[in-house]
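Enquirer: In the working numbering, the protein residues as written are 269 to 477. Where is the CB? At the ideal position from N, CA and C, for every residue including glycine. Shown below is the structure under consideration.
If you want it as structure tokens, here you go:
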């Protein structure tokens with residue numbers, strides 16, 4: 269069964285409170301989503317493996333630590349996931365970025381694929397799938413299924429807010445994928461939105477509503 273890690277760091281919780289506020293404007297919302305993604309990335313990469321490398325400082329030779337093993341990839345679920353990419357790349361600039369385009373059918377609430385472009389060596393990378401909201405879990409599950417079809421085996425899901433329905437679906441369909449969230453909210457409303465949530469993350473990031 270996949271682990272669900274909820275980040276309760278004070279800075280993350282403070283910033284989460286700001287983006288929940290309906291009066292927070294588009295620019296501030298976009299900036300803070302990126303900041304939360306950066307803070308979450310810092311925590312979610314805590315168990316990356318290191319190796320010893322010998323270097324020479326201006327004073328003497330010494331052994332230092334560097335990341336070893338698999339390289340990283342960040343795969344946002346379009347379009348809201350784009351808001352989390354830059355914050356992560358600030359910390360891991362060597363990561364490659366793929367894109368998966370899914371939209372939720374308003375009647376069935378099921379995901380519909382419209383775009384998929386991944387790094388050629390994505391299967392050899394540790395992949396972070398990012399999307400601000402994990403509501404029904406349909407889009408996240410579909411995106412991860414697509415990644416597995418491309419040979420990806422080391423996948424993590426990072427969302428800012430999750431709902432019990434989305435967590436349950438992910439654990440049922442992808443028990444090998446750990447889930448990182450900043451908050452686990454109460455439930456979904458009749459329209460499939462997270463309550464209390466923060467509204468439509470895509471619309472608020474891009475100012476389209």
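1. My output table needs one value for residue 451: the three-state DSSP class, helix, strand or coil.
2. DSSP on residue 427, reduced to helix/strand/coil?
3. So, using beta-carbon positions, are residue 379 and residue 370 closer together than 7 angstroms?
4. Identify, in the order they occur along the chain, each residue of the same chain with its Cβ nearer than 8 angstroms to the Cβ of residue 283, setting aside the five sequence neighbours on each side.
5. Between residue 426 and residue 396, how many whole angstroms is the CB-CB distance? I'm expecting something under 8 angstroms.
6. Do residue 355 and residue 403 have their C-beta atoms closer together than 7 angstroms?
7. Going by DSSP, what residue range makes up the alpha helix (DSSP H) through residue 384?
8. Using a Cβ-Cβ cutoff of less than 8 angstroms, which residues in the same chain neighbour residue 460 once the five nearest sequence positions on both sides are dropped?
9. Indicate whether residue 275 and residue 450 have their beta-carbon atoms separated by less than 7 angstroms.
10. Could you tell me the distance, in whole angstroms, from the CA atom of residue 393 to the CA atom of residue 291?
11. For residue 445, does the three-state DSSP call read helix, strand or coil?
12. I need the DSSP call for residue 402, collapsed to helix, strand or coil.
13. In the DSSP assignment, find the unbroken alpha helix (DSSP H) run with residue 249 in it and report its ends.
14. If we call anything under 7 angstroms between Cβ atoms a contact, is residue 398 one with residue 344?
15. Could you check what DSSP says for residue 474 in three-state terms: helix, strand or coil?
16. Does at least one heavy atom of the ligand COA sit under 6 angstroms from the Cβ of residue 410?
17. Cα separation between residue 385 and residue 448?
Expert: From the atom records:
1. strand
2. coil
3. yes
4. 300, 303, 304 and 307
5. 6 angstroms
6. no
7. Here residue 384 belongs to no alpha helix (DSSP H); instead the beta strand (DSSP E) covers 379 to 385.
8. 372, 377, 403 and 404
9. yes
10. Rounded to whole angstroms, residue 393 to residue 291 spans 39 angstroms at the Cα level.
11. coil
12. Residue 402 carries a strand assignment under DSSP once its states are collapsed to helix, strand and coil.
13. Here the chain has residues from 269 to 477 only, and residue 249 is not among them.
14. yes
15. helix
16. Inclusion of the ligand COA in the displayed structure is not the case, the ligand content being empty and no account of it being possible.
17. 23 angstroms
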